[in-house]
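What follows is a set of notes on a single structure, which appears directly below.
Protein chains: 2
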Amino acid sequence: MTYCVGMILKEGLIFASDSRTNAGVDHVATFRKMNVFSVPGERQIVLLNAGNLATTQSVVSLLKSRLQHAAQHLHSVGNMYEAAELVGQTIREVLARDANDSTLGQGVDYSCSFLVGGQIRGEPPRLFQLYPQGNFIEATPDTPYLQVGEAKYGKPILDRVIRDDTPLAQAIKCTLISFDSTIRSNLSVGLPLDLLWQLRDDFRFPPRHRVTEDDPYFLQLRQGWGEGLRSVFGQLPDALWFHEGDAAPD
Amino acid sequence: MTYCVGMILKEGLIFASDSRTNAGVDHVATFRKMNVFSVPGERQIVLLNAGNLATTQSVVSLLKSRLQHAAQHLHSVGNMYEAAELVGQTIREVLARDANDSTLGQGVDYSCSFLVGGQIRGEPPRLFQLYPQGNFIEATPDTPYLQVGEAKYGKPILDRVIRDDTPLAQAIKCTLISFDSTIRSNLSVGLPLDLLWQLRDDFRFPPRHRVTEDDPYFLQLRQGWGEGLRSVFGQLPDALWFHEGDAAPD
Chain A
1 MTYCVGMILK EGLIFASDSR TNAGVDHVAT FRKMNVFSVP GERQIVLLNA
51 GNLATTQSVV SLLKSRLQHA AQHLHSVGNM YEAAELVGQT IREVLARDAN
101 DSTLGQGVDY SCSFLVGGQI RGEPPRLFQL YPQGNFIEAT PDTPYLQVGE
151 AKYGKPILDR VIRDDTPLAQ AIKCTLISFD STIRSNLSVG LPLDLLWQLR
201 DDFRFPPRHR VTEDDPYFLQ LRQGWGEGLR SVFGQLPDAL WFHEGDAAPD
Chain B
1 MTYCVGMILK EGLIFASDSR TNAGVDHVAT FRKMNVFSVP GERQIVLLNA
51 GNLATTQSVV SLLKSRLQHA AQHLHSVGNM YEAAELVGQT IREVLARDAN
101 DSTLGQGVDY SCSFLVGGQI RGEPPRLFQL YPQGNFIEAT PDTPYLQVGE
151 AKYGKPILDR VIRDDTPLAQ AIKCTLISFD STIRSNLSVG LPLDLLWQLR
201 DDFRFPPRHR VTEDDPYFLQ LRQGWGEGLR SVFGQLPDAL WFHEGDAAPD
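For the protein sequence lines, the chains are A and B, in the order given.
So that you can map any letter, position 49 of the first sequence is 49 in my numbering, and since no number is skipped, the others follow by simple counting.
So that you can map any letter, position 177 of the second sequence is 177 in my numbering, and since no number is skipped, the others follow by simple counting.
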């Protein structure tokens with residue numbers, strides 16, 4: 001499994017992904033699920049991927065190799081919508097090649113999902129989520145974050161905190177807590193995490209941080225959040241209507 | 001969708017279910033998903049159900065009607081394991097009747113899940129989760145709670161708080177917070193909630209509480225938890241390695 005989050009905020013974009021892949025519980029490995037297509041000064045495009053590793057690696061490999069000589073590629077598309085369209089086409093191309101043999105493919109899920117976000121000079125930052133079918137939706141100020149992979153465990157904290165105008169520093173903190181909740185509840189999501197933030201209208205290669213097992217900040221958050229939750233929980237009153245000895249009328 | 005939780009703790013059992021059902025977003029209704037089979041002084045058996053409403057209603061109707069004249073029923077089984085077995089058989093019976101016509105049934109998911117718990121005099125309380133196939137697992141002190149339906153949003157708080165020796169009053173509080181997180185993140189889980197607790201070796205009809213939209217305790221928890229989370233979040237520091245103006249080396 002996988003967990004990836006992308007956010008589009010007033011200040012800029014955030015991307016985060018875990019790095020665990022597994023084909024069964026006895027075949028667990030670490031793969032980076034974040035790829036950056038960068039033309040400094042002109043465009044920064046970030047891809048996060050979830051789903052079948054053979055499919056997502058092929059999609060990314062094709063997108064990279066075509067930077068050299070294809071008619072259209074991620075360094076040439078005119079805007080982020082076309083970038084999302086191109087990734088969607090590439091997903092369909094790989095699935096058409098790999099997933100159409102019904103005799104070989106029984107029981108294998110070849111599908112994948114992508115988050116594609118970034119900024120190309122001339123338009124504001126944009127963020128898209130690509131479905132396994134290759135079509136896509138775009139994040140808006142009302143729904144400023146998108147998730148792919150194991151999204152549910154980490155969603156409640158995002159729902160409570162993330163708004164369009166949440167400062168980047170707070171949104172990064174919230175993202176890490178969302179990953180902590182997911183990692184605790186689903187073994188197939190694991191450290192290290194890759195985290196990247198991209199300021200609006202900043203076309204330098206975006207800063208990244210890899211969160212490993214012994215990252216002091218992540219450990220501090222994890223402990224502080226756990227203790228804080230238990231403390232809030234402990235301060236809330238017990239149910240007014242709960243009495244140990246009660247029984248309902250027969 | 002549905003969310004149901006059952007817990008088996010040192011002090012006793014807790015059962016909770018939401019009441020929203022939907023067949024598409026334009027056909028939403030309220031149905032109780034909790035049923036009690038009670039012989040005061042001798043046994044208290046609680047069923048929570050998730051999944052296809054036609055299937056679960058049929059299973060419960062058959063289990064109830066058979067109390068009168070069947071050879072084996074929930075008021076006659078000798079222990080909770082046999083109770084779980086009987087519910088599993090009844091699931092298979094309903095599916096064999098309703099779900100085997102491949103021409104009519106295309107695209108319809110007839111499956112369901114149940115939590116079956118309680119106590120029959122002569123053995124300690126027990127709690128089972130029945131899969132759509134009718135087989136089942138039993139909760140243990142290591143894993144004292146089981147969920148069916150939309151389980152993921154509300155699982156992180158249970159994982160953090162619930163232990164075998166958590167007092168019932170705290171476990172009820174935690175259960176309601178788990179439902180609050182789920183209701184916030186998934187529209188298809190909704191109030192009112194049905195909550196029931198059953199003290200170990202107490203064979204009176206167990207006390208129940210229905211949590212409605214204007215339940216003062218639920219409102220207080222919801223508000224206190226939300227404010228508490230935001231306060232803990234606000235007190236945690238920003239990332240040591242995050243600086244607004246950063247850019248990675250090209």
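For glycine and all other residues, C-beta sits at the position ideal for the given N, C-alpha and C.
This one's a predicted model, so the numbers in the text were calculated from it and none came from an experiment.
Would you say B:G107 reaches chain A, if we count a Cβ-Cβ gap shorter than 8 Å as a contact?
Taking the first residue of the second sequence as 1, we reach residue 107 of chain B at position 107. It does not: the Cβ of B:G107 has no partner Cβ on chain A nearer than 8 Å.
Could you tell me which residues DSSP pairs with B:H209 in its beta bridges?
As a position in the second sequence, residue 209 of chain B is number 209, starting the count at 1. Answer by DSSP bridge pairing, in chain order: B:L195.
Less than 8 Å between the beta carbons of A:T90 and A:L62, yes or no?
Counting from 1 along the first sequence, the entry for residue 90 of chain A is found at position 90. Counting from 1 along the first sequence, the entry for residue 62 of chain A is found at position 62. Contact flag set, yes.
Count the other CB atoms, across all protein chains shown, that sit within 10 Å of the CB of B:E213; report buried if there are 16 or more and exposed otherwise.
Taking the second sequence and counting its residues from 1, one reaches residue 213 of chain B at position 213. Per the 10 Å Cβ criterion, exposed.
In three-state terms, what does DSSP make of B:A169?
Your numbering for residue 169 of chain B matches position 169 in the second sequence. B:A169 falls in the helix class under three-state DSSP.
Verify whether the separation of the beta carbon atoms of A:V108 and A:V87 is less than 8 Å.
Within the first sequence, numbered from 1, the residue matching residue 108 of chain A stands at position 108. Within the first sequence, numbered from 1, the residue matching residue 87 of chain A stands at position 87. No, they are not a contact pair.
Measuring alpha carbon to alpha carbon, tell me which residue in A:F15, A:S188 and A:I45 is nearest A:G24.
Position 24 of the first sequence holds residue 24 of chain A. Measuring from the Cα of A:G24, the nearest candidate turns out to be A:S188.
Alpha carbon to alpha carbon, how far is A:Y153 from B:L115? Give it in angstroms, no decimals.
Within the second sequence, residue 115 of chain B is the residue found at index 115, counting from 1. Within the first sequence, residue 153 of chain A is the residue found at index 153, counting from 1. When rounded, the distance between both Cα atoms is 22 Å.
Using CA atoms only, rank isn't needed, just tell me which of B:F128, B:S178, B:S65 and B:G190 is closest to B:L273.
Since the first residue shown for chain B is 1 and the last is 250, residue 273 of chain B is missing from the structure and cannot be characterised.
Confirm, please, whether the CB-CB distance from B:L221 to A:L74 is below 8 Å.
Counting from 1 along the first sequence, the entry for residue 74 of chain A is found at position 74. Counting from 1 along the second sequence, the entry for residue 221 of chain B is found at position 221. Result no, Cβ atoms of A:L74 and B:L221 do not sit closer than 8 Å.
Can you confirm whether the stretch 42-54 of chain B touches the stretch 197-209 of chain B when touching is taken to mean that 3 or more C-beta pairs between the two stretches lie within less than 8 Å?
Yes, since at least three Cβ pairs between the stretch 197-209 of chain B and the stretch 42-54 of chain B fall closer than 8 Å, the two stretches touch.
Does A:I255 come within less than 8 Å of chain B when only Cβ atoms are used?
Residue numbering for chain A in the displayed model covers 1 to 250; residue 255 of chain A lies beyond these limits and cannot be assessed.
Does the beta-carbon distance from A:A16 to A:F179 come in below 8 Å?
Numbered from 1 along the first sequence, position 16 holds the residue referred to as residue 16 of chain A. Numbered from 1 along the first sequence, position 179 holds the residue referred to as residue 179 of chain A. Going by C-beta atoms, A:A16 is nearer than 8 Å to A:F179.
Under 8 Å, do A:K173 and B:D238 count as touching if we go by C-beta distance?
As a first step, residue 173 of chain A must be located in the first sequence, where it is residue number 173. As a first step, residue 238 of chain B must be located in the second sequence, where it is residue number 238. Cβ distance < 8 Å, so A:K173 and B:D238 count as in contact.
At what residue ranges does the stretch 98-181 of chain B contain a whole run of the alpha helix (DSSP H), taking only runs of 4 or more?
Runs found: 155-161.
Please tell me whether A:D159 and B:S231 are closer than 8 Å, where the distance is taken between their beta carbons.
The residue given as residue 159 of chain A occupies position 159 in the first sequence. The residue given as residue 231 of chain B occupies position 231 in the second sequence. Not in contact: A:D159 and B:S231 (Cβ atoms no closer than 8 Å).
Between which two residues does the alpha helix (DSSP H) containing B:F233 stretch?
Looking up residue 233 of chain B in the second sequence gives position 233. First-last of the alpha helix (DSSP H) with B:F233: P216 to Q235.
With 7 Å as the limit, tell me which residues of the stretch 135-163 of chain A have their beta carbon closer than that to any beta carbon of chain B; keep them in chain order.
Of all residues in the stretch 135-163 of chain A, K152, Y153, K155, P156, D159, R160 and V161 have a Cβ within less than 7 Å of some Cβ in chain B.
Do the CB positions of B:S111 and B:N52 come within less than 8 Å of each other?
Here the question's residue 111 of chain B lines up with position 111 in the second sequence. Here the question's residue 52 of chain B lines up with position 52 in the second sequence. Yes, the Cβ-Cβ distance between B:S111 and B:N52 is below 8 Å.
Going straight from the alpha carbon of A:I183 to that of A:F218, what length do you get?
As a first step, residue 183 of chain A must be located in the first sequence, where it is residue number 183. As a first step, residue 218 of chain A must be located in the first sequence, where it is residue number 218. Near 12 Å, if we compare the C-alpha coordinates of A:F218 and A:I183.
Would you mind reading off the limits of the beta strand (DSSP E) that contains A:Q17?
Translated into the one-based positions of the first sequence, residue 17 of chain A becomes position 17. Per the sequence shown, residue 17 of chain A should be read as Ser rather than Gln. Looking at the DSSP string, the run of the beta strand (DSSP E) that includes A:S17 is G12 to S17.
In the DSSP assignment, the alpha helix (DSSP H) including A:V28 goes from what residue to what residue?
Position 28 of the first sequence, counted from the start, is the residue given in the question as residue 28 of chain A. It is not in any alpha helix (DSSP H) - A:V28 instead sits in the beta strand (DSSP E) that spans V28 to T30.
Listed in chain order, which residues of the stretch 212-226 of chain B have Cβ atoms closer than 8 Å to some Cβ of chain A?
So the list reads P216, Y217, Q220, L221, G224, W225 and G226, given in the order they occur along the chain.
Can you say whether B:Q223 is buried or exposed, counting buried as having 16 or more other CB atoms within 10 angstroms of its CB?
Along the second sequence, read from residue 1 onward, the residue named residue 223 of chain B stands at position 223. Counting Cβ neighbours within 10 Å, B:Q223 comes out exposed, since fewer than 16 surround it.
Along the chain, where does the alpha helix (DSSP H) containing A:D58 start, and where does it finish?
One-based indexing of the first sequence puts residue 58 of chain A at position 58. Checking the sequence shown, residue 58 of chain A turns out to be Ser, not Asp. Here the alpha helix (DSSP H) through A:S58 covers L53 to H69.
Using the beta-carbon of each residue, which ones in chain B are nearer than 8 Å to A:S185?
By 1-based counting over the first sequence, the position of residue 185 of chain A is 185. Correct list: K152, K155, P156 and D159.
Does any C-beta atom of chain A lie closer than 8 Å to the C-beta of B:V87?
For the purposes of this step, residue 87 of chain B is taken as the residue at position 87 of the second sequence. So, not an interface residue.
Can you name the residues of chain B whose CB is closer than 8 Å to the CB of A:L240?
Within the first sequence, numbered from 1, the residue matching residue 240 of chain A stands at position 240. Correct list: P216 and Y217.
Do B:Q198 and B:V5 have their C-beta atoms closer together than 8 Å?
Here residue 198 of chain B refers to the residue found at position 198 when the second sequence is read from its first residue. Here residue 5 of chain B refers to the residue found at position 5 when the second sequence is read from its first residue. No; because the gap between Cβ atoms is not below 8 Å, this pair is not in contact.
Below 8 Å on the Cβ atoms is my contact criterion, and I expect B:I8 with B:G117 to pass it. Report the Cβ-Cβ distance as a whole number of Å.
In the second sequence, counting from the first residue as 1, residue 8 of chain B sits at position 8. In the second sequence, counting from the first residue as 1, residue 117 of chain B sits at position 117. Right, the Cβ-Cβ distance comes to about 7 Å (below 8 Å), so this counts as a contact.
Please work out which residues of its chain come closer than 7 Å, Cβ to Cβ, to B:S181, disregarding the five sequence neighbours upstream and downstream, and give them in chain order.
One-based indexing of the second sequence puts residue 181 of chain B at position 181. If we look at B:S181 and ignore the five residues flanking it on each side, its Cβ neighbours are Y153, G154 and I157.
Does any C-beta atom of chain B lie closer than 8 Å to the C-beta of A:S58?
Within the first sequence, residue 58 of chain A is the residue found at index 58, counting from 1. Not one chain B Cβ lies under 8 Å of A:S58.
Please decide whether A:G228 counts as near chain B, where near means a Cβ-Cβ distance under 8 Å.
By one-based count along the first sequence, residue 228 of chain A stands at place 228. Closer than 8 Å to some Cβ of chain B, the Cβ of A:G228 qualifies, so yes.
Starting from B:R20, follow the beta strand (DSSP E) in both directions and report where the run begins and ends.
Within the second sequence, numbered from 1, the residue matching residue 20 of chain B stands at position 20. From DSSP, the beta strand (DSSP E) with B:R20 extends over R20 to N22.
Using three-state DSSP, classify A:M1 as helix, strand or coil.
Reading the first sequence from its first residue, position 1 is the one you call residue 1 of chain A. A:M1: coil per DSSP, three-state reduction.
Taking the straight line between their C-alpha atoms, what separation do you get for B:A84 and B:Q119?
Position 84 of the second sequence, counted from the start, is the residue given in the question as residue 84 of chain B. Position 119 of the second sequence, counted from the start, is the residue given in the question as residue 119 of chain B. Answer to the nearest angstrom: the Cα atoms are 12 Å apart.
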